[in-house]
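Asker: One structure coming up, written as structure tokens, with questions to follow.
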Amino acid sequence: MTGANNFSVSGYGPQRAGWTRLFARDSVARRLDWPMLLAALALSAIGTALVFSATRNRTEINQGDPHYFLVRQLMNIGIGLALMVGTVWLGHRALRNAVPILYGASVFGILLVLTPLGATINGSRNWIVLGGGFSLQPSEFVKITIILGMAMMLAARVDAGDRTYPDHRTVLQSLGLAAVPILIVLLMPDLGTVLVLVTIILGVLLASGASNRWVFGLLIAGTLGCVAIWQLHILDDYQINRFAAFANPSLDPAGVGYNTNQARIAIGSGGLTGAGLFHGSQTTGQFVPEQQTDFVFTVAGEELGFAGAGLIILLLGVVLWRACRIARETTELYGTVVAAGIVAWFAFQAFENIGMTLGIMPVTGLPLPFVSYGGSSMFAVWVAVGLLQSIQVQRPMSA
Amino acid sequence: MTNIPETGRTPRVQTRLVVIQILVLSLLGTLGGRLWYLQIREGAQYQKEASGNHVQQVVQPAVRGSILDARGVPLADNETRLVVSASRTDLLKQKDDGKAVLTKLAGVLGMRPQEVTQKVRLCDAKTPQPCWNGSPYQPIPITDEATPKQALQIRERSEDFPGITAEPEAVRSYPGPGKSNTAQVLGYLSPVTDDEVQQAKDTASPYLRSDMVGRSGLERQYDPALRGKAGVTRYEVDNLGRVIGKAKSDAAEPGSNLVTSIDARVQRVAEYELDKAMKAARQQYDKITGTNYKADSGAVVVMEAKTGRIVAMASAPTYDPNVWVGGISAKDYKALTGKNSDYPLLNRATQGQSAPGSTFKVVSTAAAVQAGYDFNGNYPCTSSYSVGGQVFKNFEGENFGPISLGKALEVSCDTVFYGLADSEWKRDGGINPKKGQPKDWFFKTAHQFGLGKRTGIDLPNEVTGRVPDRQWKLDYWKANKDTWCKSGKKNGTYVEKIFYENCLEGNKMREGDEINYSIGQGDTLLTPIQEAVIYGAISNGGTMYTPTIGKAIVSADGKHVSEIKPRSHGKLPITKATRDMMDEALAAVTTRGTAAWKFNGWPQNKIPLHAKTGTAEVYGKQTTSWLASYSKDYSVIMTISQAGTGSGASGEAVRNIYSAMYGVQADGSIDNKKALLPTPEKSLPKIQPDGTIAAPKIPGDPAKDQEKIAKEVAQQGGTTAPDDQQTPATTPSPTDNRNTRRRPRGRRGRGRTA
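Same order as they appear, the protein sequences are chains Y and Z. If you want the numbering used here, it's the position in the first sequence, counting the first as 1, plus 1. If you want the numbering used here, it's the position in the second sequence, counting the first as 1, plus 231.
Written out as structure tokens, the structure reads:
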């Protein structure tokens with residue numbers, strides 16, 4: 002657990018008390034990126050309140066218990082924090098060795114979703130129902146394993162000092178590694194996750210120093226892919242409708258455009274300080290569907306107003322800012338690539354999620370990191386925070 | 232990039248990381264900007280949308296205030312009907328959506344179950360009537376004619392009828408106390424329109440779709456006070472329309488009562504006398520047209536001279552205001568407003584205007600005095616007055632020699648006023664006056680008398696009348712010269728010749744125009760209410776009071792009484808001395824002048840009456856009868872279109888109205904007990920502690936009581952012309968009449984008689 006630069010040698014000299022040791026200079030606790038950690042914790046705390054506000058009246062989904070979602074969200078956060086601690090304890094380097102297993106497990110997970118074990122929710126076959134009210138969304142973990150897998154491949158020879166930049170072959174291999182789960186997710190079909198994965202690949206390639214040709218190639222391929230998807234009618238009707246509603250916000254406010262319209266009314270009506278927690282009429286009246294998950298930001302908009310919703314954006318900014326800093330300051334490319342992948346993931350998902358509630362992005366089913374209700378997504382983001390913290394803790398101290 | 236640690240990192244990666252960081256933060260910045268736009272800039276708009284989303288209003292109607300007469304007798308009131316309503320919200324909570332309850336209800340009400348179901352279904356594009364087009368949260372009325380027994384059955388077994396209520400509800404009624412009608416003064420209510428519902432939606436007092444709004448008369452003028460404030464309960468509903476909370480509740484505030492200065496008994500007498508006079512006129516033969524008089528419309532105004540308060544205001548033809556109650560039928564509506572109707576909705580006292588004829592001479596007299604002519608000077612009352620080849624004859628062709636202005640009023644000598652107007656016209660510069668030269672005393676005085684503009688009575692859509700001064704002539708010429716010049720011919724028919732002349736110099740004040748105007752002919756138009764104000768002002772010493780009908784607005788609980796105080800809007804431009812002389816001359820009209828034959832035996836020493844008759848000519852129509860009169864308390868104006876002379880058609884009616892008010896008996900004695908209103912009602916009716924206003928009963932028909940006396944008076948010869956008076960002094964002389972030059976007015980002439 003202790004880094005290479007730790008002077009205290011176990012068994013010799015006077016032992017400091019445990020908590021003092023924890024906060025001793027160069028200790029893990031001192032080296033953690035506290036601003037990021039606190040911002041992420043604050044986001045989860047606000048999110049919990051919002052989820053509670055959005056679900057306490059939804060008798061048709063909360064089994065008659067107003068605290069149903071509250072308790073579960075607290076559990077999710079607890080597990081997420083434990084996963085983060087575990088990740089820091091193991092360290093991202095140690096995890097590098099486990100990447101093949103993790104990658105294989107996650108791909109197996111999403112394959113399982115396509116079998117009769119998977120469940121379709123909101124048009125996406127995205128879930129494995131575990132029973133007891135619990136379910137898993139393996140595609141969330143694919144985000145992590147793709148980052149780890151690609152980073153491992155791309156950084157291996159650079160960190161070894163063999164090359165300055167990853168060569169074409171390595172890049173191609175790493176893209177192949179990413180392509181497998183992306184294709185599977187496309188089959189679900191979960192367009193939102195595909196977009197996140199493509200953005201992650203973009204971030205990873207950029208940070209790895211791969212040739213510009215790959216970066217632009219990927220952008221062009223992505224564009225062509227979108228055109229192809231549109232032309233080949235791969236999208237379901239509901240997905241086309243989401244785009245139609247995005248392109249024309251006044252379209253069919255009772256049907257296709259209902260979600261976006263109600264979301265915008267909820268946010269817009271918040272004003273500067275909002276209606277107050279638990280006092281939003283749009284929220285209490287359940288006018289916005291999926292409000293505890295994908296549309297959780299509308300609760301903040303309505304009940305906490307510009308002050309609260311702006312704070313969420315600000316906190317996300319802190320997390321991303323610190324993550325970028327970690328990416329820039331770590332010495333080994335592996336850490337940089339992992340951090341950059343996570344930045345791409347968080348940034349895109351936050352922008353898409355909030356953007357769709359604000360009507361500047363089309364609707365896709367992506368949760369807001371740290372804030373939305375959900376187990377798998379909460380676990381995944383906290384593991385990602387663990388990875389970032391591990392990179393931060395294990396980098397050599399700057400002079 | 233300044234703080235690159237020794238990471239061995241290549242600049243390419245480092246640069247890209249910075250790009251990523253900038254990109255990420257700018258994305259967040261975009262979100263922040265958009266959030267600001269939605270919440271701060273457009274926030275108000277979305278707040279409105281949000282509240283429209285989840286707040287549903289249920290409105291409890293306010294009881295409309297009553298309109299009472301001066302003693303508290305209700306002229307417009309509410310009657311209670313039992314209304315059975317169903318609450319959709321409650322019905323839908325039931326397992327079968329309330330079908331069983333509705334069927335049971337149909338049984339109780341004696342209706343077919345289908346009928347009831349149709350009434351509570353909501354209207355949409357596919358649902359034909361009957362259906363409910365109001366708010367689904369509003370109790371839906373199923374019938375408003377439930378019997379007390381049916382209502383009891385429903386209320387006693389309320390557990391059998393969940394969601395059904397049987398409540399008494401107020402419906403407007405016009406009881407017509409003492410057989411009075413007061414239709415045009417009261418006005419009427421009609422259902423609120425969709426536009427009005429939309430407009431009032433977010434205001435403090437939203438309309439129900441079933442609401443009625445005052446459309447004319449007092450109902451409209453005092454609508455805001457009478458209406459009260461509907462109670463609003465705001466329910467918060469969720470996305471499925473289920474009620475999740477009661478947001479705000481304002482109880483209904485019943486409307487205030489309006490106490491008017493109308494006396495229902497005098498009103499009845501006025502209406503009755505007007506009707507009788509018109510019927511009598513139709514029995515009279517008009518020698519000019521060779522047919523009986525048509526007497527197609529008329530008006531009576533009885534006004535308190537010292538306050539401007541209206542005691543009675545009758546307009547004929549009339550209608551029963553109760554036709555509006557509970558929704559007017561298409562047939563009734565057509566009869567009231569159709570092309571072939573005689574427009575009974577018009578209040579001829581404020582919305583009818585016509586040439587005032589000789590009743591205008593008080594204005595001309597005041598004008599002459601203002602212009603510097605001595606009231607008691609000698610002015611030639613010749614039988615005719617010639618101007619440049621035109622002959623303006625005296626009405627009856629009589630010749631009284633040189634007389635004073637007072638005498639000219641008394642005998643209604645036209646030529647005296649012709650001469651005065653003509654010399655003023657010449658003094659003003661003739662046909663082409665220099666700029667700023669005309670003093671226009673005759674027109675200026677008319678404006679000072681408040682003519683050509685509204686009196687400001689508290690009734691909607693009053694008309695202004697018209698003073699045909701230079702400005703008006705110019706405006707009118709500009710508007711019509713094209714027509715005139717096109718169809719006018721120098722040697723054509725009478726009308727064509729007039730058009731030709733008008734085309735040439737219709738923009739100028741011609742000699743004949745001013746001469747005609749001086750006796751209230753030509754283009755001059757007055758309303759009966761304007762005359763009431765003028766004659767009332769002469770009576771009270773010169774103050775023109777703004778006529779009012781509303782006397783006080785009394786809140787439903789009786790705690791707030793806001794009195795509507797008499798207001799003046801100016802003084803007559805005459806000195807006290809002039810007024811006194813006019814007063815004397817006008818009194819002489821009833822004792823020895825043009826109206827004397829109708830006031831034989833009147834106790835003039837006890838109740839001095841003053842009057843001025845008028846017989847106005849309208850091109851293409853029979854003469855308009857005017858009788859303007861006043862006592863020390865009241866001014867009474869009566870006019871009947873196409874009915875002959877002022878005294879002939881209206882004299883008896885006006886006398887009867889005074890008799891009824893003062894209690895003058897057939898023998899000239901005064902019976903104070905029988906007097907309806909010997910002095911104006913000064914105080915407000917008594918308001919009980921609970922807010923109700925005590926109303927005395929009106930036994931019988933005040934007009935019939937008066938009728939007996941009137942008959943006796945007629946038998947004694949009090950209102951009929953004695954044989955020796957069948958002279959030109961009182962009877963119109965059609966042949967002479969034709970020679971006086973009156974300007975034909977074509978279409979306008981027909982439209983402007985009241």
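By construction, the Cβ of each residue, glycine as well, lies at the ideal position given by its N, Cα and C atoms.
(1) Under DSSP, the beta strand (DSSP E) around M534 of chain Z begins and ends at which residues?
(2) List, in chain order, every chain Z residue whose beta-carbon is nearer than 7 Å to that of F352 of chain Y.
(3) Return the CA-CA distance between K721 of chain Z and A566 of chain Z, expressed in angstroms with no decimal places.
(4) Pull up the distance between the alpha-carbon of G608 of chain Z and that of A859 of chain Z, whole angstroms please.
(5) What do you reckon, are the CB atoms on I541 of chain Z and T774 of chain Z nearer than 8 Å?
(6) Using the Cα positions of V216 of chain Y and A208 of chain Y, report the straight-line distance between them to the nearest angstrom.
(7) Assuming contact is defined by CB atoms lying nearer than 8 Å, are W128 of chain Y and V108 of chain Y in contact in what I supplied?
(8) With DSSP as the reference, label P552 of chain Z as helix, strand or coil.
(9) Return the chain-ordered ranges of every beta strand (DSSP E) run that is complete within the stretch 614 to 652 of chain Z and spans a minimum of 3 residues.
(10) Quick check on this structure: which residue in Z:G529, Z:P669, Z:Y776, Z:N733 has the alpha carbon closest to the alpha carbon of S718 of chain Z?
(11) Starting from the beta carbon of A356 of chain Z, find every residue of chain Y whose beta carbon is closer than 7 Å, and list them in chain order.
(12) In the DSSP assignment, find the beta strand (DSSP E) that holds R312 of chain Z and state where it starts and stops.
(13) Specify whether the stretch 877 to 892 of chain Z and the stretch 825 to 844 of chain Z touch according to this definition: at least 3 beta carbon pairs, one from each stretch, less than 8 Å apart.
(14) Take S615 of chain Z and list the residues in its own chain whose beta-carbon comes closer than 6 Å to its own, dropping the five residues that flank it on each side.
(15) List, in chain order, every chain Z residue whose beta-carbon is nearer than 9 Å to that of I268 of chain Y.
(16) Would you list the one or two residues that DSSP bridges to I871 of chain Z?
(17) Against chain Z, does Q292 of chain Y count as a neighbour if the rule is that its beta carbon must be under 8 Å from one of theirs?
(18) If you reduce the DSSP assignment to three classes, tell me which class P139 of chain Y lands in.
(19) Would you check if the distance between the CB atom of G667 of chain Z and the CB atom of A456 of chain Z is smaller than 8 Å?
(20) Nearest-angstrom Cα distance between D605 of chain Z and A599 of chain Z?
(21) Write down the C-beta distance between P804 of chain Z and Q702 of chain Z rounded to the nearest angstrom, noting that I regard them as a contact closer than 8 Å.
(22) In this structure, how does DSSP classify K917 of chain Z when only helix, strand and coil are distinguished?
(23) Residues in the stretch 323 to 336 of chain Y with C-beta within 9 Å of chain Z's C-beta atoms, listed in sequence order?
(24) Just checking my contact of V297 of chain Y with S373 of chain Y at CB under 8 Å: how many whole Å lie between their CB atoms?
(25) Under DSSP, the beta strand (DSSP E) around C612 of chain Z begins and ends at which residues?
(26) Would L258 of chain Z pass as a contact of F279 of chain Y if the rule is Cβ separation under 8 Å?
(27) Taking Cβ positions only, does S282 of chain Y come closer than 8 Å to chain Z?
(28) Could you name the residues of the stretch 371 to 384 of chain Y whose beta carbon sits closer than 7 Å to any beta carbon of chain Z, in the order they occur along the chain?
(29) By the three-class DSSP mapping on this structure, what secondary structure does R265 of chain Y have?
(30) With DSSP as the reference, identify every bridge partner of Q291 of chain Z, one or two as the case may be.
(31) Quick one: does V339 of chain Y have its CB under 8 Å from some CB of chain Z?
(32) Should P909 of chain Z and Y893 of chain Z be called a contact, given that it needs their Cβ atoms to be closer than 8 Å?
(33) Got a sec? Which residues, its chain only, sit under 7 Å from K684 of chain Z by beta carbon, not counting five neighbours each side?
(34) Of all Cβ atoms in chain Z, is any one closer than 8 Å to the Cβ of I185 of chain Y?
(35) Identify the contact partners of R247 of chain Z in chain Y, using a Cβ-Cβ distance below 7 Å as the criterion.
(36) Which residue comes first and which comes last in the alpha helix (DSSP H) that contains M430 of chain Y?
Answerer: According to the data block:
(1) As a first step, residue 534 of chain Z must be located in the second sequence, where it is residue number 303. Element bounds for M534 of chain Z: 528 to 535.
(2) The count along the first sequence starts at 1 and reaches residue 352 of chain Y at position 351. Per Cβ cutoff of 7 Å: L258, L262.
(3) The residue labelled residue 721 of chain Z in the question sits at position 490 within the second sequence. The residue labelled residue 566 of chain Z in the question sits at position 335 within the second sequence. Those two C-alpha atoms are separated by around 44 Å.
(4) As a working note, residue 608 of chain Z is residue 377 in the second sequence. As a working note, residue 859 of chain Z is residue 628 in the second sequence. Near 25 Å, if we compare the C-alpha coordinates of A859 of chain Z and G608 of chain Z.
(5) Start at 1 with the first residue of the second sequence, and residue 541 of chain Z comes out as number 310. Start at 1 with the first residue of the second sequence, and residue 774 of chain Z comes out as number 543. The answer is no: Cβ separation not under 8 Å.
(6) Here residue 216 of chain Y is taken as the residue at index 215 of the first sequence, counted from 1. Here residue 208 of chain Y is taken as the residue at index 207 of the first sequence, counted from 1. Cα to Cα, the separation comes out at about 10 Å.
(7) Indexing the first sequence from 1 puts residue 128 of chain Y at position 127. Indexing the first sequence from 1 puts residue 108 of chain Y at position 107. No; because the gap between Cβ atoms is not below 8 Å, this pair is not in contact.
(8) Position 321 of the second sequence, counted from the first residue, corresponds to residue 552 of chain Z. Correct three-state label for P552 of chain Z: helix.
(9) 615 to 618, 621 to 624, 632 to 634
(10) On the second sequence, position 487 is the one that residue 718 of chain Z refers to. Closest by alpha carbon: Z:N733.
(11) On the second sequence, residue 356 of chain Z is found 125 positions in, with the first residue counted as 1. Here the premise fails: no neighbours, minimum Cβ distance about 15 Å.
(12) Position 81 of the second sequence, counted from the first residue, corresponds to residue 312 of chain Z. It spans 305 to 317 - the beta strand (DSSP E) in which R312 of chain Z sits, taken as one unbroken run.
(13) yes
(14) Numbered from 1 along the second sequence, position 384 holds the residue referred to as residue 615 of chain Z. So the qualifying residues of the chain are V622, K624.
(15) Translated into the one-based positions of the first sequence, residue 268 of chain Y becomes position 267. Neighbours of I268 of chain Y on chain Z, chain order: L266, L269, Q270, Y277.
(16) Stepping through the second sequence from its first residue, residue 871 of chain Z is reached at position 640. Note: I871 of chain Z sits in a beta bridge opposite Z:G529, Z:S856.
(17) Counting from 1 along the first sequence, the entry for residue 292 of chain Y is found at position 291. With 8 Å as the cut-off, Q292 of chain Y does not count as an interface residue toward chain Z.
(18) For this step, residue 139 of chain Y is matched to residue 138 along the first sequence. In this structure, P139 of chain Y counts as helix in the three-state DSSP scheme.
(19) As a first step, residue 667 of chain Z must be located in the second sequence, where it is residue number 436. As a first step, residue 456 of chain Z must be located in the second sequence, where it is residue number 225. In this structure, A456 of chain Z does not lie closer than 8 Å to G667 of chain Z by Cβ.
(20) Counting from 1 along the second sequence, the entry for residue 605 of chain Z is found at position 374. Counting from 1 along the second sequence, the entry for residue 599 of chain Z is found at position 368. Their backbone Cα atoms lie some 8 Å apart in a straight line.
(21) Position 573 of the second sequence, counted from the first residue, corresponds to residue 804 of chain Z. Position 471 of the second sequence, counted from the first residue, corresponds to residue 702 of chain Z. About 19 Å separates the two Cβ atoms, so there is no contact after all.
(22) Taking the first residue of the second sequence as position 1, residue 917 of chain Z is located at position 686. Reduced to three states, the DSSP call for K917 of chain Z is coil.
(23) A324, C325, R326, A328, R329, E330, T331, T332, E333, L334
(24) Reading the first sequence from its first residue, position 296 is the one you call residue 297 of chain Y. Reading the first sequence from its first residue, position 372 is the one you call residue 373 of chain Y. Indeed they touch by this definition, with Cβ atoms about 5 Å apart.
(25) Walking along the second sequence from the start, residue 612 of chain Z turns up at place 381. Its beta strand (DSSP E) spans residues 610 to 612.
(26) Translated into the one-based positions of the second sequence, residue 258 of chain Z becomes position 27. Translated into the one-based positions of the first sequence, residue 279 of chain Y becomes position 278. No, the pair does not count as a contact, with Cβ atoms beyond the cut-off.
(27) Here residue 282 of chain Y corresponds to residue number 281 of the first sequence, with the count starting at 1. Output row for S282 of chain Y: interface = yes.
(28) none
(29) Mapped onto the first sequence, residue 265 of chain Y falls at position 264. R265 of chain Y: helix per DSSP, three-state reduction.
(30) The residue given as residue 291 of chain Z occupies position 60 in the second sequence. Partner(s): Z:G462.
(31) If you number the first sequence from 1, residue 339 of chain Y lands on position 338. Not one chain Z Cβ lies under 8 Å of V339 of chain Y.
(32) Your numbering for residue 909 of chain Z matches position 678 in the second sequence. Your numbering for residue 893 of chain Z matches position 662 in the second sequence. Their beta carbons are under 8 Å apart, which means P909 of chain Z touches Y893 of chain Z by this criterion.
(33) Residue 684 of chain Z sits at position 453 when you count from the first residue of the second sequence. Cβ within range, chain order: T695.
(34) Translated into the one-based positions of the first sequence, residue 185 of chain Y becomes position 184. Output row for I185 of chain Y: interface = no.
(35) Position 16 of the second sequence, counted from the first residue, corresponds to residue 247 of chain Z. The contacting residues are L207, A208.
(36) Residue 430 of chain Y is absent from the structure shown; chain Y starts at 2 and stops at 400.
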